[in-house]
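Report on the following structure.
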Amino acid sequence: MAYIEVKDACRKYTQNGKETVVLDNVSLEIEKGEFICLLGPSGCGKSTLLNSLAGFERLNSGSVTIDGKEVEKPSVKNITIFQNYGLLPWRNVISNVKLGLEAKNISKEEADKTARKFLELVGLEGFEKRYPRQLSGGQQQRVAIARGLAVDPDIIFMDEPFGALDAITRMKLQDDMLRISREEKKTIIFVTHDIEEAVFLADRIVVMMADPGRIKSIVKVPAHSTADRTSQGFLHVRDRVFELFNMKTEEYIDYVI
Amino acid sequence: MKKLLSVKNAVVSVAVLIGIWQIAYMVSDYSDALFPSPYQAFLALIEMITDGTLAENIGTSMFRFSIGYISSVVVAVFLGLILGRLPGVFKYVNPALQLLRPISPTAWMPFIVLLFGIGEVPAIVIIFIAAFFPVLLSTVAAVNNIDPVYLKVASNFGIKQPALTWKFILPAAFPQIANGIHLAVGTAWIFLVAGEMVGAQSGLGYQIIDARNNIRADILLATILVIGVIGIILDGILKFAEKKILKAWGGAE
Ligand SMILES: Nc1ncnc2c1ncn2[C@@H]1O[C@H](COP(=O)(O)OP(=O)(O)O)[C@@H](O)[C@H]1O
Ligand SMILES: [Mg+2]
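Protein sequence lines, in the order shown, are assigned to chains X and L. If you want the working numbering, it's the position in the first sequence, counting the first as 1, plus 1137. If you want the working numbering, it's the position in the second sequence, counting the first as 1, plus 166.
Next up, the structure:
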């Protein structure tokens, strides 16, 4: 049995008497330690799928299990990073990072040490006493990542976490996210609508389509492709994904697991 | 520059007000005892300051005001935090609140005096009522308006009650609650005077009644001015506090 299993997930919304099928029999298996990107156009159900995995939303039918257990509510073992950061503006950086540690039974010194360690990991040492409003968007997202890592989760869910950032900042954060995912050995499920972002980060890209929301195919990214954004391997995988969105599925069976 | 301008505006505005008063005094033919000039009211003010009655009455009124207003804010915020999180219960509480809210707090006065007699309690109760509804309703609205991402973060990190309220809901809702608390201070101050006119034998409101009984319109008008000035000061203090809070909460720098 896979670490994370989605089986025949269905989710519908009825609005003004009109029914939208947001997830239409979605099935997916994810192994421990994988970096998965959910890629697709806006409205194809990426957030809905992620929220079902994270326990924020329930399915109409089908099941989501993590480590053999049905997901029913959010858990501190699986941390979600939101696009708008979700930092508490009335707390400074370090006490934002300590937030998740407060519910745990650890000493103040221990919490302080852990928080500083992860602030350093995301490159924000020296920013402890700042408030979120005094940071750039990229720095705020780094704080949110440090806060998530501080509670030592098994899985990190990220919903378009870099969507609000400019291109250069976004690439820096992608570099760091890749480094962190290797150092910390976390399972990461990352939602994006940016093809290059998905190719750069993912071990496997789950390509989704809208109306009804479904998985079109899953593209495995060979390890050597991600090293650099201008390498042949990277461009090759990127082009394949581009073509997938142009509805040429059948010819690329070799990229589909 | 903006500060300077507003000081200028205030001076002109008050000068015009006193000018109108002075003209009304000159053209009307009431006796000075019934309709004094601004200068006579000023002399009455000096008299009240020197004989100590003003300070004493301000002290008495501020004591009642503080007790009534602060206890009202504490109770209303506390209830608002609970009701804001229980929409199912609030649905049943809200109609009763909407029924009670438009009733002027003064309408309760005779009833309160019947129950508690003349003294400290009626004025305190009326201030309590005056501040209670706006603060309660703005707290409930503030809790309902909290960015859902805060609640998601809280549940993700396993933060449960009561920490959820102290660490997330209260601080997240606080800027909007602070706005309600600020607006209520004016309303409560208005009703302090009403409360003391009917239900007390001391304080600024009573001083107005006392001045009327002694046909001292100069004292009466001077007291009214003092009430207005204190109202402005109270509003200024809360406006300042609200600004500080908004700034600390990540609003505009
Ligand atoms: N609470 C909701 N009520 C009604 N429709 C919703 C709701 N949440 C999402 N949807 C619809 O579900 C579809 C998928 O949404 P979402 O999962 O957010 O897509 P994505 O994250 O891929 O952009 C959209 O068409 C959206 O309008
Ligand atoms: Mg989305």
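Don't be surprised by glycine CBs; every beta carbon is placed ideally from N, CA and C. These numbers were taken from a predicted model, which means no experiment stands behind them.
With C-beta atoms as the reference, is L166/L less than 7 Å away from T389/L?
Residue coverage of chain L in this structure runs from 167 to 419, which leaves residue 166/L outside it and unanswerable.
I want to check one thing, is the minimum distance from the CB of S1189/X to the heavy atoms of ligand 2 below 6 Å?
no
T1217/X beta carbon less than 7 Å from that of A1240/X
no
CB contact below 7 Å: P337/L versus chain X
yes
Element boundaries [beta strand (DSSP E), containing E1101/X]:
Outside the shown range of chain X (1138 to 1394) lies residue 1101/X, about which nothing can therefore be said.
Count the other C-beta atoms from every protein chain shown that fall within 10 angstroms of the C-beta of A221/L, then say buried if there are 16 or more, exposed otherwise.
exposed
Assign S227/L to one of three DSSP states: helix, strand, or coil.
helix
Can you tell me the Cα-Cα spacing of Q1369/X and D1303/X, whole angstroms?
25 Å
Burial state of G1154/X, where buried means 16 or more other Cβ atoms lie within 10 Å
exposed
Pick out whichever of A289/L, S304/L, G218/L has its Cα sitting closest to the Cα of N345/L.
S304/L
Which of helix, strand or coil does DSSP assign to M1222/X?
The amino acid occupying residue 1222/X in the given sequence is Tyr; Met does not appear at that position. Coil at Y1222/X, not helix or strand.
Closer than 7 Å to chain L by CB, G1275/X:
no
Neighbour flag for F1110/X against chain L, beta carbons, 7 Å:
Outside the displayed range of chain X (1138 to 1394) lies residue 1110/X, so it cannot be described from this structure.
Using the rule of at least 16 other Cβ atoms within 10 Å of the residue's Cβ for burial, across every protein chain shown, is P268/L buried or exposed?
exposed
Does the beta-carbon distance from T216/L to S368/L come in below 7 Å?
no
Checking 7 Å against the spacing of the C-beta atoms, do G361/L and P288/L come in under that value?
yes
Tell me whether K1183/X, by its Cβ, gets closer than 6 Å to a heavy atom of ligand 2.
yes
Just the chain X side, please: which residues come within less than 9 Å of Y316/L by C-beta, in chain order?
G1223, L1225
May I ask whether a heavy atom of ligand 1 can be found less than 6 Å away from the beta carbon of G1180/X?
yes
Can the beta-carbon of P271/L be found closer than 7 Å to that of A307/L?
no
Any beta-carbon of chain X closer than 7 Å to the one on S179/L?
no
Could you check if L200/L is buried or exposed, using at least 16 other CB atoms within 10 Å of its CB as the buried criterion?
exposed
Inter-residue spacing [alpha-carbon to alpha-carbon] between L252/L and E1297/X:
32 Å
With a threshold of 6 Å, establish whether the CB of V1159/X neighbours any heavy atom of ligand 1.
yes
Counting only C-beta atoms, is V1213/X closer than 7 Å to chain L at any point?
yes
Check the Cβ of K1258/X against every Cβ in chain L and list those closer than 8 Å, keeping chain order.
In the sequence as presented, Lys is not what sits at residue 1258/X; that position holds Leu. Those within 8 Å of L1258/X in chain L number zero; the least Cβ separation is about 19 Å.
Looking only at DSSP bridge pairs, what is S1198/X linked to?
C1147/X
Which one of V1158/X, F1371/X, L1338/X, V1163/X has the shortest CA to CA distance from D1145/X?
V1163/X
Which complete alpha helix (DSSP H) runs does the segment 1226-1296 of chain X hold, if anything under 4 residues is left out?
1230-1234, 1236-1239, 1245-1258, 1274-1287
Please list the terminal residues of the continuous beta strand (DSSP E) segment that includes R378/L.
First-last for R378/L: 370-379, but that is the alpha helix (DSSP H), not the beta strand (DSSP E).
Any chance you could list the alpha helix (DSSP H) runs of at least 4 consecutive residues sitting entirely within the segment 282-347 of chain L, in chain order?
286-310, 314-322
Give the secondary structure of T216/L by DSSP, where H, G and I count as helix, E and B as strand, and everything else as coil.
helix
Proximity to S1340/X [Cα-Cα], best of M1346/X, N1383/X, I1325/X:
Note that residue 1340/X is Asp in the sequence shown here, rather than Ser. D1340/X has its Cα closest to that of I1325/X, out of M1346/X, N1383/X, I1325/X.
beta-carbon Y1150/X near ligand 1 non-hydrogen atom, thresh 6 Å
yes
Looking only at C-alpha atoms, which of G1205/X, L1175/X, Q1152/X, P1178/X sits nearest to M1138/X?
G1205/X
Between the Cα of A210/L and those of G397/L, K405/L, I381/L, spot the shortest distance and give me the residue it belongs to.
I381/L
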